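Chemist: There's a structure below that I have some questions on.
Residue numbers (the numbering used here): 4 to 277.
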């Protein structure tokens with residue numbers, strides 16, 4: 004089969020289309036003929052050499068895909084040859100075929116084309132696992148999403164609204180905020196012209212929001228803590244604003260705050276289709 008190979012760490016020019024060996028499926032895996040894949044920030048980091056694939060994963064980039072099942076392992080009962088699916092991958096989406104554990108395969112959502120479904124698994128699994136499974140965002144609570152117009156952000160807005168949550172977003176332009184508003188965001192904050200902490204406090208009567216999903220890291224850390232309600236939960240999934248900051252631990256005590264983190268865009272048991 005053909006696959007995109009990272010010949011050495013570097014700029015996009017290091018990506019080359021090459022003939023490689025077909026993947027061999029294990030007993031609990033399926034083989035997918037790839038229809039489409041998607042571009043995630045982790046793919047660009049892997050190309051640069053700063054995001055190595057998990058042990059045992061495909062060496063080729065591509066953390067999600069859509070396509071048609073070509074074969075199934077002997078222990079797989081959920082899927083059959085010919086099923087159209089999308090999947091969360093440890094790697095290998097930038098290829099004509101990819102072997103995937105059956106638990107990381109998802110049905111194509113109703114109303115979504117097979118091609119478009121390639122961009123579904125990463126955002127869906129990231130938002131669901133961090134915001135709802137781990138941070139336990141619940142109906143009636145409030146939720147701040149930084150980077151509301153991003154792939155994860157747009158999905159988080161819609162999922163939050165479906166769960167009966169009041170959604171706050173930040174973005175860097177009025178055009179991006181308009182997109183967020185159309186998707187259901189209740190409070191849209193231009194971080195270039197507004198202090199998001201002050202706006203959050205204003206909109207919540209000084210209480211703050213219950214959950215924050217943050218991709219910035221260090222540059223937003225203290226302000227995020229100041230934007231949380233009692234028993235608030237901060238979930239950090241990126242370090243676009245830096246990875247190192249200082250923390251006065253006592254700032255967590257008065258409001259019983261929780262700070263959590265995860266390496267996003269990695270496969271795991273929370274994406275199981277069972």
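Beta carbons: idealized from backbone N, C-alpha and C, even for Gly. In this text the structure is predicted, and so the values were computed from the model without any measurement.
Taking DSSP as the reference, what is the three-state secondary structure of residue 7?
Modeler: If DSSP states are grouped into helix, strand and coil, residue 7 belongs with the strands.
Chemist: Can you tell me whether residue 36 is helix, strand or coil according to DSSP?
Modeler: Strand.
Chemist: Taking just the CA atoms, how far does residue 241 sit from residue 249?
Modeler: Each residue's alpha carbon lies about 17 Å from the other.
Chemist: Which same chain residues, not among the five before or five after residue 60, have their C-beta less than 6 Å away from its C-beta?
Modeler: Closer than 6 Å at the Cβ level, and outside the excluded window around residue 60, lie 93 and 94.
Chemist: Give me the DSSP bridge partner(s) of residue 217.
Modeler: In the DSSP output, where bridge partners are listed per residue, residue 217 has 239.
Chemist: Can you have a look at residue 267 and say buried or exposed, based on whether 16 or more other CB atoms are within 10 angstroms of its CB?
Modeler: Residue confidence is low: residue 267 scores 49 on pLDDT, short of 50, so the model does not pin down where it sits. Its coordinate-derived value is still stated next. Buried, because 16 or more other Cβ atoms sit within 10 Å of the Cβ of residue 267.
Chemist: DSSP beta-bridge partners for residue 227?
Modeler: Answer by DSSP bridge pairing: none, since residue 227 is not bridged.
Chemist: Using only alpha-carbon positions, find the residue among 23, 238, 19 and 20 that is nearest to residue 147.
Modeler: Ranking the options by Cα distance to residue 147, first place goes to 238.
Chemist: Please report how far the alpha carbon of residue 16 lies from the alpha carbon of residue 8, in whole angstroms.
Modeler: Rounded to whole angstroms, residue 16 to residue 8 spans 11 Å at the Cα level.
Chemist: Let me check understanding here. Comparing Cα to Cα, which of 251, 32 and 25 lies closest to residue 83?
Modeler: Looking at the Cα atoms, 32 is the closest of the given residues.
Chemist: Along the chain, which unbroken stretches of the alpha helix (DSSP H) at least 4 residues long are found entirely within the stretch 159-187?
Modeler: Entirely contained in the stretch 159-187, the alpha helix (DSSP H) runs reaching 4 residues are, in chain order, 177-186.
Chemist: To the nearest angstrom, how far is the alpha carbon of residue 269 from that of residue 138?
Modeler: Residue confidence is low: residue 269 scores 44 on pLDDT, short of 50, so the model does not pin down where it sits. Its coordinate-derived value is still stated next. Straight-line Cα distance between these residues: approximately 18 Å.
Chemist: Tell me whether the stretch 106-115 and the stretch 209-220 touch, counting them as touching only if at least three CB pairs, one residue from each stretch, are closer than 8 Å.
Modeler: Contact between the stretch 106-115 and the stretch 209-220 is absent, because fewer than three Cβ pairs lie under 8 Å.
Chemist: With C-beta atoms as the reference, is residue 3 less than 8 Å away from residue 227?
Modeler: Any property of residue 3 remains undetermined from this structure, which presents the chain solely from 4 to 277.
Chemist: Is residue 171 near the ligand FMN - that is, is its Cβ less than 7 Å away from at least one heavy atom of it?
Modeler: In the structure shown, the ligand FMN is absent, as is every other ligand, since no ligand is present at all.
Chemist: If you follow the alpha helix (DSSP H) that residue 48 is in, where does it begin and where does it stop?
Modeler: Unbroken alpha helix (DSSP H) run through residue 48: 44-51.
Chemist: So what does residue 67 bridge to, in DSSP terms?
Modeler: The partner list for residue 67 (beta bridge, DSSP) reads 91.
Chemist: I believe residue 12 touches residue 52 by the beta-carbon criterion, under 8 Å. Please report the beta-carbon distance rounded to the nearest angstrom.
Modeler: Right, their Cβ atoms sit about 3 Å apart.
Chemist: Would the stretch 108-118 count as touching the stretch 140-156 if we require 3 or more Cβ pairs under 8 Å?
Modeler: The stretch 108-118 vs the stretch 140-156: no contact.
Chemist: Assign residue 183 to one of two classes, buried (16 or more other C-beta atoms within 10 Å of its C-beta) or exposed (fewer than that).
Modeler: It counts as buried.
Chemist: In chain order, which alpha helix (DSSP H) runs of at least 4 residues are fully inside the stretch 95-167?
Modeler: 124-130 and 154-165, all fully within the stretch 95-167.
Chemist: Return the CA-CA distance between residue 67 and residue 253, expressed in angstroms with no decimal places.
Modeler: In a straight line, the C-alpha of residue 67 is about 41 Å away from that of residue 253.
Chemist: Which first and last residues belong to the alpha helix (DSSP H) in which residue 205 is found?
Modeler: 199-206 is the extent of the alpha helix (DSSP H) around residue 205.
Chemist: Less than 8 Å separating the beta-carbons of residue 69 and residue 88?
Modeler: Against a cut-off of 8 Å, the Cβ pair of residue 88 and residue 69 comes out as a contact.
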